[in-house]
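Let me begin by presenting the structure, written as structure tokens, before commenting on it.
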Amino acid sequence: MATQSFKDLIVWQKSRDLAVKIYKITDNFPRSEIYGLTSQMRRAVISISSNIAESYHRYHTKDKQRFLSMAFGSGSELESQIEIAKILYPSVDFKDTEKDIVEVMKILNKFLTK
């Protein structure tokens, strides 16, 4: 079945679910992080799904690839931020979140190497 919307893309659905997880995790970060790590992680994770959505509505392959590349870059940012958060907040369990980001990144990488 052909996709009717970016919402039909598995990679977008997984990135949306990842965003919800990151928001829930960062809700438990200290208030002092509101303009620091909390904000950065939320911006990065939202950027992933937003750029996937934008790429879906681009006509030219180069434009599609550019937005998918930005989504991939935001995923890398989020991975880095998670590594920092794991050190700062060792009581927070990031295992499932790390699996999810790896899965999203693998799918994006497949799109980028087509």
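In our numbering, the protein residues as written are 6 to 119.
Backbone N, C-alpha and C define an ideal beta-carbon position, used for all residues, glycine too.
If you're wondering where the values come from, they're calculated on a predicted model, not measured in any experiment.
Going by C-alpha positions, SER20 is about 9 Å away from SER55. By the Cβ-count criterion, GLY41 is exposed, with fewer than 16 other Cβ atoms from all chains shown falling within 10 Å of its own Cβ.
For VAL50, the secondary structure class from DSSP, reduced to helix, strand or coil, is helix. Boundaries of the alpha helix (DSSP H) harbouring ALA90: 66-93, taken from the DSSP string. Taking C-beta atoms under 8 Å as the contact rule, VAL16 and LEU93 fail to qualify, at a distance of about 29 Å.
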